[in-house]
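J.: Got a structure here, written out as structure tokens. Questions coming.
Numbering (the UniProt record's numbering), first residue to last: 1 to 762.
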């Protein structure tokens with residue numbers, strides 16, 4: 001096979017054949033680890049794909065957990081009634097980007113895939129969403145075999161333009177390490193992690209597209225420009241999936257300068273320091289093709305950032321101190337120390353992904369406030385390793401070693417930059433999901449390390465055992481961690497041992513227990529969350545709600561009052577405070593709390609509903625009807641508000657109006673059995689017995705064990721004169737609820753009437 005590099009670089013690459021032999025030599029050092037049988041591209045990719053699917057297959061039938069609820073289940077952008085155009089005006093969570101409360105996470109293409117998922121699976125069936133994530137990770141892992149072959153072996157083509165893989169062992173091992181890395185579990189097992197997966201997919205496609213610009217067949221340069229522009233377009237697509245995607249332009253630039261233009265950074269620095277005249281017209285600056293490509297990349301990146309900033313509307317999102325405490329520190333030194341400590345924790349998660357947690361905020365990682373803190377050692381260790389690697393990347397006499405270390409560090413650092421707090425404040429302390437792409441650089445460096453260790457060690461079997469051990473342990477850890485992501489209970493409890501100081505972990509465990517009806521245990525976790533973070537208003541709100549349900553109203557009022565004092569615009573806490581005050585018969589204070597809640601959240605149907613209940617208790621019937629009408633205007637499917645309007649109109653003798661409201665409600669919510677029941681009562685009183693009977697029977701079919709449904713149907717038959725049917729449904733009602741005094745009384749009246757009729761007949 002005849003080998004060649006692209007035309008643009010032949011002049012400066014006369015020594016490329018020896019370099020190829022050095023690559024082959026480096027790759028051969030892994031011969032005892034990677035069997036020759038799996039080296040053909042098809043088998044290598046098959047092995048990587050199988051390993052990636054094996055690791056995360058356990059998450060296939062998991063639930064929607066943690067952020068999945070907000071981004072998917074409660075996101076109206078997934079439903080068919082939402083216009084597709086709204087996806088381009090909303091953030092990742094379905095809120096308007098122009099809103100001050102928007103998270104500003106602009107990922108319309110990811111949301112579009114959720115919508116397609118929802119449509120094809122016929123609803124919110126988690127298995128189909130999880131399956132797509134698992135397949136995406138498998139595809140990315142397979143694609144990395146090609147990417148690593150370029151990074152390790154360089155970019156070389158046959159005379160027919162086919163790219164050669166000169167480092168099959170290194171690329172396979174690095175791709176395997178990536179495929180089974182446990183830090184990826186959050187992205188794969190958590191459905192919202194699809195943003196990172198899609199961003200990574202188009203990131204890699206952009207890089208491979210950029211590589212195609214250097215094929216020898218591009219003699220006119222036109223097709224070369226086409227591939228550069230296509231790479232920029234794919235980078236934009238990656239950015240529309242996850243903000244990290246734009247960093248591919250930086251990686252492309254580094255690859256072009258260091259690999260294709262063969263820039264020796266150390267030599268350039270030395271020439272500058274020694275004022276070497278040969279640097280005045282370096283070949284790099286005379287390379288018009290390189291400058292043109294850099295101009296395209298820079299212009300593309302600037303254009304993306306400008307459009308992104310315009311879309312954000314009101315500026316960057318507003319995060320709180322609990323999200324990222326270091327960014328709120330007054331001292332620049334404290335901020336710098338803690339940022340670097342966060343970097344060291346990210347590095348540790350890549351190196352030893354054993355302690356994994358769904359959330360690292362709210363006290364999970366206490367601030368370092370002085371250089372005397374022992375954790376500063378982690379910073380020193382991180383920079384010692386980084387500086388050592390950078391020195392080797394710059395100063396090594398082996399050009400192959402320089403290139404691999406430079407590209408490995410580039411792949412590790414460049415995609416991580418948006419999460420580094422260097423350019424803007426981020427809304428987290430540590431997030432495993434942002435390590436998905438940087439982990440590829442780590443796997444590349446680790447593979448290079450294994451090769452170097454093997455080269456300088458005579459005993460090859462221990463090295464092979466070490467590599468296989470790492471792969472096996474990581475695979476098992478992936479399986480275990482995938483199982484923990486199957487349900488919220490397992491996920492939240494797994495975090496207690498990793499981040500016992502994290503108030504959010506205790507809050508989520510408590511919320512999960514409360515949802516399952518275990519209020520006593522939930523109270524314990526909510527109290528611990530408030531103890532760890534005395535300003536945790538959401539924990540106070542939920543704890544206050546449980547205490548309200550347990551009739552511990554005094555403490556509930558104290559907690560909710562404290563919550564709204566800490567966060568005056570917390571609408572939900574104001575509404576719940578109003579409910580408690582209503583229960584304490586403090587009606588004026590309750591009304592004020594409801595009004596305050598509505599002031600802070602104008603579209604708040606539940607609050608209007610509760611305000612209507614307050615007015616009904618005060619016999620302010622017109623105000624009650626007005627409040628409930630507001631609730632149904634904001635939320636047409638608000639069944640409780642419709643029901644209360646029907647019942648109030650019924651009780652006040654406005655049967656015609658009650659019937660009209662009931663029919664209007666059933667048109668909007670045709671399958672709501674409680675509305676059928678309420679309207680049936682009204683129709684029965686209006687002597688529309690046949691229509692009333694039909695609605696009662698329909699309600700009973702939907703909810704056959706409702707004693708009141710049978711009891712009221714019996715009353716209808718009693719009035720109508722169908723006494724045998726009345727007797728039958730009275731008896732069914734009393735079997736379901738023997739303590740129903742009204743039904744007992746009516747049944748007694750019916751029995752006496754039947755006995756009298758029997759005596760008359762005799």
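Ideal Cβ placement from N, Cα and C applies to all residues, glycine included.
Restricting to Cα atoms, I'd like to know which of 247, 495, 593 is closest to residue 199.
T.: Out of 247, 495, 593, 247 has the C-alpha closest to the C-alpha of residue 199.
J.: Starting from residue 515, trace the alpha helix (DSSP H) both ways and give me its first and last residue.
T.: 503-515 is the extent of the alpha helix (DSSP H) around residue 515.
J.: Which residues does DSSP list as the beta-bridge partners of residue 90?
T.: Answer is 96.
J.: According to DSSP, is residue 125 helix, strand or coil?
T.: Residue state, collapsed to three classes: coil.
J.: Are the CB atoms of residue 726 and residue 718 within a distance shorter than 8 angstroms?
T.: Closer than 8 angstroms, so yes.
J.: If I'm right that residue 648 touches residue 662 with Cβ under 8 angstroms, what's the distance once you round it to whole angstroms?
T.: Contact flag wrong, Cβ pair sits at about 12 angstroms.
J.: For residue 668, which residues in the same chain have their Cβ closer than 6 angstroms to its Cβ, ignoring the five residues on either side in sequence?
T.: Cβ neighbours of residue 668 beyond the five flanking positions: 636.
J.: Indicate whether residue 499 and residue 360 have their beta-carbon atoms separated by less than 8 angstroms.
T.: Against a cut-off of 8 angstroms, the Cβ pair of residue 360 and residue 499 comes out as a contact.
J.: Can you give me the C-alpha to C-alpha distance between residue 12 and residue 267, rounded to a whole angstrom?
T.: Note on residue 12: pLDDT 38, under 50, position unreliable in the model; the coordinate value appears next. Rounded to whole angstroms, residue 12 to residue 267 spans 15 angstroms at the Cα level.
J.: Thinking C-alpha only, which one of 741, 458, 208, 110 is nearest residue 241?
T.: Of the candidates 741, 458, 208, 110, the one whose C-alpha sits nearest the C-alpha of residue 241 is 110.
J.: Run through DSSP, which three-state label would residue 21 get?
T.: Annotation note: pLDDT 48 at residue 21 (below 50); position unreliable, coordinate value reported separately. Looking at residue 21 - three-state DSSP - the assignment turns out to be helix.
J.: In chain order, which alpha helix (DSSP H) runs of at least 4 residues are fully inside the UniProt repeat "TPR" (707-740)?
T.: Listed in chain order, they are 707-720, 723-736.
J.: In three-state DSSP terms, what is residue 451?
T.: Note: residue 451 maps to helix in three-state DSSP.
J.: Would DSSP call residue 653 helix, strand or coil?
T.: Coil at residue 653, not helix or strand.
J.: Below 7 angstroms CB to CB, which residues in the same chain sit around residue 251 once its five sequence neighbours on both sides are set aside?
T.: Correct list, in chain order: 207, 410, 411, 414.
J.: Excluding the 5 residues flanking residue 44 on each side, which residues of the same chain have their C-beta closer than 7 angstroms to its C-beta?
T.: Only 38, 145, 168, 172 meet the Cβ criterion.
J.: Please classify residue 199: does DSSP put it in a helix, a strand, or coil?
T.: It is helical.
J.: Hey, could you find the ends of the alpha helix (DSSP H) residue 621 is sitting in?
T.: Where residue 621 is concerned, the enclosing alpha helix (DSSP H) stretches over 621-634.
J.: Give me the Cα-Cα distance between residue 599 and residue 343, rounded to the nearest whole angstrom.
T.: Going from the Cα of residue 599 to the Cα of residue 343 covers about 42 angstroms.
J.: For residue 298, which three-state DSSP category applies?
T.: Helix.
J.: If you run the structure through DSSP and keep just helix, strand and coil, what is residue 106?
T.: In the structure shown, residue 106 sits in coil (DSSP, three-state: anything other than H, G, I, E or B).
J.: Leaving out the 5 sequence neighbours to the left and right, which residues in its chain are closer than 7 angstroms to residue 506 when beta-carbon positions are compared?
T.: Answer for residue 506: 525, 528, 529, 532, listed in chain order.
J.: Which of the three DSSP states, helix, strand or coil, is assigned to residue 79?
T.: Coil.
J.: Since residue 234 and residue 209 are thought to touch, with beta carbons under 8 angstroms apart, how far apart are those beta carbons, to the nearest angstrom?
T.: Confirmed, about 6 angstroms.
J.: Only counting the same chain, and skipping five residues up and downstream in sequence, which positions put a Cβ closer than 6 angstroms to that of residue 443?
T.: If we look at residue 443 and ignore the five residues flanking it on each side, its Cβ neighbours are 174, 177, 178.
J.: Going straight from the alpha carbon of residue 611 to that of residue 579, what length do you get?
T.: Straight-line Cα distance between these residues: approximately 9 angstroms.
J.: Of the choices 682, 674, 712, 681, whose alpha-carbon is the least far from that of residue 699?
T.: Per the Cα distances, 674.
J.: With respect to the alpha helix (DSSP H) encompassing residue 607, which residues constitute its N-terminal and C-terminal limits?
T.: Looking at the DSSP string, the run of the alpha helix (DSSP H) that includes residue 607 is 605-617.
J.: Could you name the residues of the same chain whose beta carbon sits closer than 8 angstroms to that of residue 457, not counting the 5 residues immediately before and after it, in chain order?
T.: Contacts found: 463.
J.: For residue 517, which of 493, 539, 640, 550 has the nearest alpha-carbon?
T.: Measuring from the Cα of residue 517, the nearest candidate turns out to be 550.
J.: Comparing C-alpha positions only, which one of 355, 245, 513, 479 sits nearest to residue 488?
T.: Closest by alpha carbon: 513.
J.: Can you confirm whether the stretch 369-382 touches the stretch 326-343 when touching is taken to mean that 3 or more C-beta pairs between the two stretches lie within less than 8 angstroms?
T.: Taking 8 angstroms as the limit for Cβ pairs, the verdict is that the stretch 369-382 does touch the stretch 326-343.
J.: Taking 8 angstroms as the cut-off, decide whether the C-beta atoms of residue 439 and residue 181 are in contact.
T.: For residue 439 and residue 181, yes; Cβs fall inside 8 angstroms.
J.: How about residue 301: is its Cβ closer than 7 angstroms to a heavy atom in the ligand PLP?
T.: Ligands displayed in this structure: none; no statement on the ligand PLP is therefore possible.
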